[in-house]
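A.B. asks:
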Amino acid sequence: MYRTKFYLILLNSGQFYLMNYEHTPVLLNEILAFLDARPGQNIVDATLGGGGYTSEILNKVGSGGKILAIDLDQDAVENYKLQITNYKFKDQIIVAQGNFAQIDKIISHHKFPAPDGIVADLGLSSYELEHRGISFKTDQPLDMRFDLSQPETAKFILNNYDEQRLRKVFEDYGEEKFSRQIARRVVGLRAKGEVIKHTADLYQLIVEALPKPVKHKADDSARRIFQALRIEVNHELENLKDFLPKAFDLLAPGGRLAVVSFHSLEDRIVKQYFVGLTKGCVCPPEFPQCLCGKNPKAKILTKKPITASAEELKKNSRAQPAKLRAIVKF
Ligand SMILES: C[S@@+](CC[C@H](N)C(=O)[O-])C[C@H]1O[C@@H](n2cnc3c(N)ncnc32)[C@H](O)[C@@H]1O
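In the numbering used here, the protein residues as written are -10 to 319.
In structure tokens, the structure reads:
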């Protein structure tokens, strides 16, 4: 239903181009169940993407409710604005380009009421995967930005970071065993005057950097290195760390926060933040009475993270790593 949509977009130059914004929502039924949006409520979709969640949530909140849908990617924003031109509840939606790390400023700018629910489906859309040089499966310029107005691309990082810094990015965000060899190869090529411009250049140098016995596993290393660069380019983990406490503070009492993550680095941040909210008194056990006055602020709704059903995985293999966690605010 959501997969392929083509739109003619009018550029400022007066030319047209064809946009095919493609994304199949992941864990959609589960998100709807945990968010539990009701008629008249105000919900924020912090990662609009193809609008798969937003459209369904809109049907739940109906004509009395409101949605603020945010995305860093201007293409996602333009695509969705076009998608809803004939939509019955379109006046109930605000579509905003922005970073969910600044959700507080975006909400206040749009005078949006305290949300009853906030959802974030982290990472990237299928459209971005196919158009931004994020995958080594197709040869494209090494860009990787969700927000094309931001200056730093993957190409910039590969051609400017020093060896130590590159190695740290590969280790921290890709957990790649051969980070040292790959960082050294990047810097070695640069010393010879080569510029690493395309996904195929990066893939090739990864193959060359790997020791012979593991060269046949080059795709696994490439997946990790490409992920690491994408996280670095888009400041994904910093944005998530900024977003969570702001989103939670903004929620109305009884409001719900649901987050879908796609790798262990993100999931760990979400899990730790949610667990922290459930903690009460932190006074040492030898204290006769509580002096810190801390009370639990939320209840976790997902004891274990929710993952995709076998039925969903049959239709969409990209749902494989997805993990949904949700809380309700007291
Ligand atoms: C997995 S897609 C969302 C798909 C959406 N739930 C749907 O059903 O179509 C993730 C989206 O989050 C956006 N995104 C990533 N980081 C962001 C950030 N810091 N702020 C706002 N949007 C972000 C990406 O541009 C991408 O469009």
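Every residue gets a Cβ at the ideal spot worked out from N, C-alpha and C, and that includes glycine.
(1) Quick one, which of Gly40, Lys268, Glu227 and Cys272 has its alpha-carbon nearest Asp161's?
(2) Measuring alpha carbon to alpha carbon, tell me which of Val222, Leu61, Gly163 and Ile82 ends up nearest Pro140.
(3) Does the stretch 59 to 67 come close enough to the stretch 88 to 107 to have 3 or more Cβ pairs within less than 8 Å?
(4) At the level of alpha carbons, what is the spacing between His252 and Ile123?
(5) Please check the pair Ile316 and Ala287, which I expect to be a contact at CB under 8 Å, by giving their CB distance rounded to whole angstroms.
(6) Where does Gly106 fall in DSSP's three states?
(7) Kindly indicate which residue of Tyr150, Lys204, Leu199 and Arg212 has the alpha-carbon position closest to the one of Val184.
(8) If you draw a straight line from the alpha carbon of Tyr(-9) to that of Arg134, how long is it in whole angstroms?
(9) Pick out whichever of Ser44, Gln63 and Pro104 has its Cα sitting closest to the Cα of Ala78.
(10) Under 8 Å: does the beta carbon of Gly122 sit that close to some heavy atom of ligand 1?
(11) By DSSP, does Gln86 sit in helix, in strand, or in coil?
(12) By the DSSP assignment, the alpha helix (DSSP H) with Lys49 in it spans what residues?
(13) Cβ of Leu47 within 9 Å of Cβ of Gly54?
(14) List the DSSP bridge partners of Pro130.
(15) Within a Cβ cutoff of 6 Å, which residues of the same chain sit near Asp231, ignoring the five residues on either side of it in sequence?
(16) Mind checking who Asp161 pairs with in its DSSP beta bridge?
(17) Determine the closest residue to Phe319 out of Pro200, Lys206, Leu266 and Phe276, with distance taken between C-alpha atoms.
(18) Identify the residues that DSSP records as bridge partners of Ile250: which are they?
(19) For Leu21, which option in Leu246, Arg307, Phe263 and Glu300 has the closest C-alpha, if you only look at C-alpha atoms?
(20) Could you work out which residue in Cys270, Lys292, Thr291 and Phe276 is closest to Gly282 when comparing CA atoms only?
C.D. replies: Judging by the given coordinates:
(1) Sequence index remark: in the sequence shown, residue 161 carries index 172 (1-based). For Asp161, the nearest C-alpha among the options comes from Glu227.
(2) Translated into positions along the sequence shown, residue 140 becomes position 151. If we check each option's Cα against that of Pro140, Val222 comes out closest.
(3) Result yes; three or more Cβ-Cβ pairs closer than 8 Å.
(4) The sequence position of residue 252 within the sequence shown is 263, counting from 1. The sequence position of residue 123 within the sequence shown is 134, counting from 1. Roughly 16 Å separates the two Cα atoms.
(5) What you label residue 316 is simply residue 327 of the sequence shown in a count that begins at 1. What you label residue 287 is simply residue 298 of the sequence shown in a count that begins at 1. Right, their Cβ atoms sit about 4 Å apart.
(6) By 1-based counting over the sequence shown, the position of residue 106 is 117. Note: Gly106 maps to strand in three-state DSSP.
(7) Locating residue 184 in the sequence shown gives position 195, counting from the first residue. Of the candidates Tyr150, Lys204, Leu199 and Arg212, the one whose C-alpha sits nearest the C-alpha of Val184 is Tyr150.
(8) Working through the sequence shown from its first residue, we reach residue -9 at position 2. Working through the sequence shown from its first residue, we reach residue 134 at position 145. For Tyr(-9), the pLDDT reaches just 44, beneath the cut-off of 50, and the residue's location in the model is therefore unreliable, leaving the point undetermined.
(9) As a working mapping, residue 78 is identified with position 89 in the sequence shown. Inspection of the sequence shows that residue 78 is occupied by Phe rather than by Ala. Checked all of Ser44, Gln63 and Pro104; the closest Cα to Phe78 is Ser44.
(10) In the sequence shown, counting from the first residue as 1, residue 122 sits at position 133. No, Cβ of Gly122 sits at least 8 Å from all heavy atoms of ligand 1.
(11) On the sequence shown, residue 86 is found 97 positions in, with the first residue counted as 1. In the structure shown, Gln86 falls within a strand segment according to DSSP collapsed to helix, strand and coil.
(12) Reading the sequence shown from its first residue, position 60 is the one you call residue 49. Annotation for Lys49: the continuous alpha helix (DSSP H) segment containing it runs Gly41 to Val50.
(13) For this step, residue 47 is matched to residue 58 along the sequence shown. For this step, residue 54 is matched to residue 65 along the sequence shown. Contact flag set, yes.
(14) Looking up residue 130 in the sequence shown gives position 141. Partner residues in the beta bridge of Pro130, as assigned by DSSP, are His187.
(15) Reading the sequence shown from its first residue, position 242 is the one you call residue 231. Within the same chain, Asp231 has close Cβ partners Ala90.
(16) Position 172 of the sequence shown, counting from 1, holds the residue named residue 161. Answer is none; Asp161 lacks a bridge partner.
(17) The residue you call residue 319 lines up with position 330 of the sequence shown. Considering only Pro200, Lys206, Leu266 and Phe276, the residue with the shortest C-alpha distance to Phe319 is Leu266.
(18) If you number the sequence shown from 1, residue 250 lands on position 261. It should be pointed out that residue 250 corresponds to Ser in this sequence rather than to Ile. DSSP lists Lys312 as partners of Ser250.
(19) Locating residue 21 in the sequence shown gives position 32, where the first residue counts as 1. Of Leu246, Arg307, Phe263 and Glu300, the residue nearest in Cα terms is Leu246.
(20) For the purposes of this step, residue 282 is taken as residue 293 along the sequence shown, with counting starting at 1. Comparing alpha carbon positions, the residue from Cys270, Lys292, Thr291 and Phe276 closest to Gly282 is Cys270.
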